Amino acid sequence: MSDLRDHEAELVHLLERLGRRTRFAEVMADRSRGLGVRLDKRSTTLSPQPRLEGAIVRAWGGERWVEAATSDLSASGTGNAAEVLDRQLEKASGGHDPPGESATTRGERTEEPAQPMRDMDPEEMIGLAKDAFGWATAVPGIRDTQVHVGWTDQERFYLNSAGARCFQRLSRVIAGVAPLAFENGRVEFDFLSEGGIGGREQLRFLTEEKVTHLAKGTLELLHAKAPPAGEMTVLLDPSVAGTMAHESFGHGTEADQFLRDRSYLKPLLGETLGPDTLTIVDDGAYPGGWGTIYFDDEGHPGQKTVLVDRGRFVGALHDRETAAAYRTKATGNTRRADFLSRAFVRMTNTYVEPGDWTLDELVREAKDGVLLERATSGIEDPQGGQMQLKVKKGRKIENGQLTDLVTSMALSGKVLDFLRATRGISRRADFELGPGYCGKGHTDLLPAGTGGTYLLSTAVVGTA
Amino acid sequence: MTATPPAETAFRVADRLRADGPWDVFGERIRRYEIHLTGRSVEMARGPIVLEGYGVRLLRPRDGRTGVGFQASTDLSDDGVRSALAEAEAVSRHSVFPAKSVALPSTAASRGAPVDVRDRALWERPMEALEAHVATLLAAFDGKADVAPSFGSLRATLTEASIANSSGARASFAHTTVELELAVKAFGGPEGPPPGEYWVNDSFRRIEPGRVRGDVEAWCGFARDVRRARPTPSGERPVVLPPSVVAGILPSVLGYRFTGGARLREVAPAEGTVVGVPELSVRDDGRVPWAIASAAVDDEGTPQRSRTLVSNGAVSGLLYDLLHGAAFEVPSTGNGVRGGEWFHDWRRFLHAPVGTSTTIVVEPGTSGSDAEVVEAAGDGIWVQQLGWAIPDPLSTAFGGEVRIGYRIRNGKLAEPVRGGTVGGVVLAPPGSPSMLSTIGALGSDAVLAEGVLSPTILVKGLTVAGPGG
């Protein structure tokens with residue numbers, strides 16, 4: 005099978021050519037293949053991954069980085085990219101060495117799943133989607149169901165003038181089911197979505213039992229009450245705890261925001277932010293994680309970085325530049341959305357480590373409050389330290405018992421207050437790591453995993 | 002010697018497409034330029050990032066329905082076009098859409114009247130124009146000891162779009178888009194409150210240097226107000242939404258629930274259904290000058306126009322692309338839009354068209370200026386910025402954190418508020434309150450803000466949940 009390594013000669017030549025004008029250059033070639041199936045009552049849509057491949061070249065201009073990208077990996081295409089950079093480097097003279105340490109990693113990671121999705125016939129993918137559709141719509145009252153099954157094989161090939169050479173192939177699989185119910189003009193849905201690196205084993209969660217349960221839950225949502233509003237005890241399910249770890253906390257640990265003085269967390273490094281039961285990590289090496297990477301886009305291996313260790317804020321995420329500024333090591337978190345996008349410090353799989361409570365114990369401890377389930381989105385506020393998390397549904401907690409089902413909610417508050425108010429985290433048996441897409445702001449989306457177990461704290465809740 | 006520019010991308014692909022119709026090709030030749038800022042310094046300048054590509058769509062009759070095949074590619078070689086075609090053909094054997102046949106726009110029908118969507122100065126000297134705009138932006142912060150940008154980017158996309166189809170239609174147009182992200186930070190004094198930030202995220206078609214000073218003054222004011230803001234109070238109270246906030250709510254909901262796609266899935270409102278107050282009229286208009294989604298023709302080659310969605314509070318029409326129009330045997334309304342369903346991708350050729358809104362136009366009312374709308378609110382909240390409303394198009398629920406707002410007391414803007422959430426539903430069954438059915442006032446002036454052209458709106462039926470009393 006051909007892969008990006010077939011273009012190694014052109015990419016090496018490009019680096020050699022740039023080496024005459026710069027103290028450091030790197031190139032990242034990127035290619036994806038894949039297929040998605042979306043199915044509902046009226047239509048079936050197949051979406052192949054676009055035939056889009058190319059390379060981005062970054063060189064140090066003495067004072068700042070310059071970049072050029074090409075979607076043509078032939079000698080002529082990479083030559084044109086080199087010319088663009090040559091012209092920019094010509095203008096930049098003198099200056100200093102590039103910030104930080106250049107990676108020298110050499111490695112290839114192409115772990116092949118036992119049953120790669122690329123070997124699955126499209127009709128078989130459609131068949132899987134139809135099964136899930138059939139299970140959901142067999143529940144009386146479910147009018148329609150949207151099912152999605154998809155896979156992507158992404159190759160990245162990174163080379164730099166310091167000798168790094170990293171090739172990786174990541175096979176990501178994702179699927180989701182969303183049954184729909186209507187009544188008297190009200191439309192509701194619930195959803196289930198899982199994904200990770202691997203093959204068709206990632207689809208094992210699509211069982212008749214789970215989908216039927218989901219569909220029955222959707223019908224209940226038609227009669228769900230409005231959520232309570234105001235400041236109260238909140239119990240986050242694993243998906244919401246993970247979204248909190250990523251959006252509310254994690255973005256403030258991306259050290260490029262430290263350099264810009266745009267993180268409320270920067271002055272708190274080393275401080276205690278929560279109870280000693282609270283540990284938050286970012287783990288690019290998490291086996292099978294949706295956001296796992298073998299190498300980042302500066303040639304550093306993906307790794308586990310502890311951000312909060314037993315309540316103490318101990319670590320941030322670094323690229324070469326921020327690592328140099330803070331006299332530490334890059335953490336394998338430099339990521340580009342694709343070969344056309346610039347690199348930023350980004351998260352991989354971010355999660356809250358499990359604690360030792362059971363869910364029942366947390367509900368009793370909550371006494372009165374609300375359980376928030378099925379995270380739908382979150383947005384960061386790295387400067388202000390506020391939080392916004394949105395969920396599809398929840399349950400009231402009254403006198404230590406789960407009671408009424410309630411509709412979608414938004415959670416708000418100050419992240420530091422929220423962490424300090426953490427009163428309990430449930431056991432490893434509840435742990436989930438789910439798939440999501442993360443933006444740096446509103447752009448540059450890339451796969452990021454979020455996870456955790458049930459987490460009890462205090463926040464403001466309202467309708468959303 | 003002046004080089005002859007190559008013909009439009011879609012035409013070059015169409016000329017080599019050996020396929021039976023119906024088919025269409027959407028092509029783009031894109032130049033992208035970016036300037037990234039850290040504080041007041043340029044961290045990185047990028048560009049030109051040059052990308053040329055196309056999407057081929059095949060519409061194959063299959064047992065009384067249509068097999069839809071689509072593939073996008075940047076490979077314009079003969080082999081590349083053949084490969085993309087073969088993949089689209091394979092996909093069409095599995096994808097099924099409930100339309101008997103789809104009629105593509107003909108040569109004559111694909112000629113829409115021009116609309117202003119190209120910034121000429123930006124087109125001709127892109128990096129210089131961006132650099133000049135960045136300089137103007139930064140200069141507007143001069144002399145401000147307590148406010149400065151901390152992070153930002155200005156990204157310009159210059160696109161030559163082209164469309165060709167098997168009915169002989171050939172259309173092309175050029176357009177520019179600029180995305181601005183700017184984090185404006187207010188600070189000062191170690192004993193003072195923590196820094197405050199107003200985070201600007203905006204997209205527009207042209208650079209208007211004349212607006213910069215006023216915009217920066219306003220952003221700095223909001224950033225300062227974040228520092229002194231009090232907690233948002235809880236309760237059901239009137240909420241005033243300026244156009245920039247309306248832009249985060251209405252397009253996502255109306256752009257799905259008022260389309261042929263929603264009708265196909267039985268979630269579109271029936272014509273005549275009352276969804277709003279009698280003063281409310283809403284249309285979709287693909288020809289609003291300088292609007293992000295405006296163009297002479299849509300992304301399927303159908304001329305753009307204005308389409309009424311809500312007239313005096315009642316539903317009066319839906320939006321259709323070619324496929325969904327064919328499913329209901331009605332013509333496309335010019336709402337075939339590429340660029341992704343949830344996030345607008347600057348590489349539109351990568352996406353098959355979907356039926357959605359272009360610019361949602363809320364017709365202005367008679368409630369006067371913003372100050373008069375605030376006066377009508379009496380006691381309430383002005384929401385200047387929500388964290389992210391992210392409406393759910395199916396249930397139409399929306400909501401988000403108040404990043405910065407203002408208390409309205411006795412009909413006047415009072416102290417800034419921050420935190421807590423504002424939310425509700427855009428559409429609700431008869432008898433239940435919704436955003437559209439509890440509008441208390443519509444301002445007299447419409448302002449273009451990304452996907453809407455809207456006046457400031459006073460809504461009486463939204464829930465405010467905050468830590469404040």
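These protein sequence lines map, in sequence, to chains V and Z. Take 5 as the starting number for the first sequence in the working numbering and just add one per residue. Take 2 as the starting number for the second sequence in the working numbering and just add one per residue. For every residue, glycine included, the Cβ atom is placed at its ideal position computed from N, Cα and C. Just so you know, these numbers come straight off a predicted model, no measurement behind them.
Under the DSSP assignment, TYR407/Z falls outside any alpha helix (DSSP H), being part of the beta strand (DSSP E) whose first and last residues are 398–410.
Residue state for HIS134/Z is assigned as helix, using DSSP reduced to three classes. Closest option to GLY138/V, judged by alpha-carbon separation, among ARG204/V, ARG176/V, GLU275/V and ASP44/V: ASP44/V. Counting only the Cα atoms, ALA141/Z lies some 26 Å from ALA248/Z. In the three-state reduction of the DSSP assignment, PHE329/Z falls in the coil class, being assigned neither a helical nor a strand state.
Taking CB atoms only, VAL238/V has no neighbour in chain Z less than 7 Å away. Taking every protein chain shown into account, the CB of GLN392/V has 16 or more other CB atoms within 10 angstroms, so this residue is buried. The beta carbon of ALA315/Z sits closer than 6 Å to those of GLY273 and VAL275, all from its chain and outside the five residues before and after it, given in chain order.
The beta-bridge partner set that DSSP reports for CYS170/V consists of GLY111/V and TYR162/V. For ASP16/Z, the enclosing alpha helix (DSSP H) covers residues 10–16. For VAL227/Z, there is no enclosing beta strand (DSSP E); the enclosing alpha helix (DSSP H) has its first and last residue at 210–229. Residues of chain Z with a Cβ closer than 8 Å to the Cβ of ASN353/V do not exist, since the nearest Cβ in that chain sits about 22 Å away. In summary, no residue of the segment 153–175 of chain V has a CB separated from any CB of chain Z by less than 9 Å. DSSP places LYS418/V in the uninterrupted beta strand (DSSP E) bounded by 413–418. The segment 231–238 of chain V and the segment 205–219 of chain V do not touch, with fewer than three beta-carbon pairs separated by less than 8 Å.
A straight-line Cα-Cα distance of about 27 Å links ARG212/Z and PHE174/Z.
Per the coordinates, the alpha-carbon of SER75/V lies some 15 Å from the alpha-carbon of ALA341/V.
No Cβ of chain Z is located within less than 7 Å of the beta carbon of GLY145/V. One alpha carbon belongs to GLY287/Z, the other to VAL453/Z, and they sit about 11 Å apart. Not a single CB atom of chain Z sits nearer than 7 Å to the CB of VAL285/V. Between the alpha carbons of ILE383/V and GLY388/Z lies a distance of about 7 Å.
Ranked by Cα distance from LEU463/Z, the first of PHE223/Z, GLY40/Z, VAL241/Z and PRO150/Z is VAL241/Z. Within 10 angstroms of the beta-carbon of ASP125/V lie fewer than 16 other beta-carbons, which makes it exposed. Interface criterion not met: the Cβ of HIS11/V is under 7 Å from no Cβ in chain Z. Beta-bridge annotation (DSSP): SER197/V is paired with GLY180/V. Looking at the DSSP output, ASN166/Z sits in a beta bridge with ASP25/Z. At least one CB atom of chain Z sits nearer than 7 Å to the CB of VAL191/V.
Counted as a single uninterrupted DSSP element, the alpha helix (DSSP H) harbouring LEU123/Z occupies residues 121–125.
Along the segment 177–195 of chain Z, the positions whose C-beta sits under 9 Å from a C-beta of chain V are GLU180, GLU182, ALA184, LYS186, PHE188 and PRO195, read in chain order. Nearest to LEU184/V by C-alpha distance, out of GLN158/V, VAL215/V, PHE171/V and GLY438/V, is VAL215/V. Contact between the segment 40–57 of chain Z and the segment 141–151 of chain Z is established, with three or more Cβ pairs separated by less than 8 Å.
A Cβ-Cβ distance of about 6 Å is found for the pair SER235/Z and VAL465/Z, placing them in contact under the 8 Å criterion. Of the candidates GLY197/Z, TRP220/Z and ARG207/Z, the residue whose Cα lies closest to the Cα of ARG228/Z is GLY197/Z. In this structure, ALA29/V places its C-beta atom within 7 Å of the C-beta atom of LEU19/V.
Under the DSSP assignment, TRP64/V falls in the beta strand (DSSP E) whose first and last residues are 57–64. Listed in chain order, the beta strand (DSSP E) elements of length 3 or more contained wholly in the segment 288–336 of chain V are 308–313.
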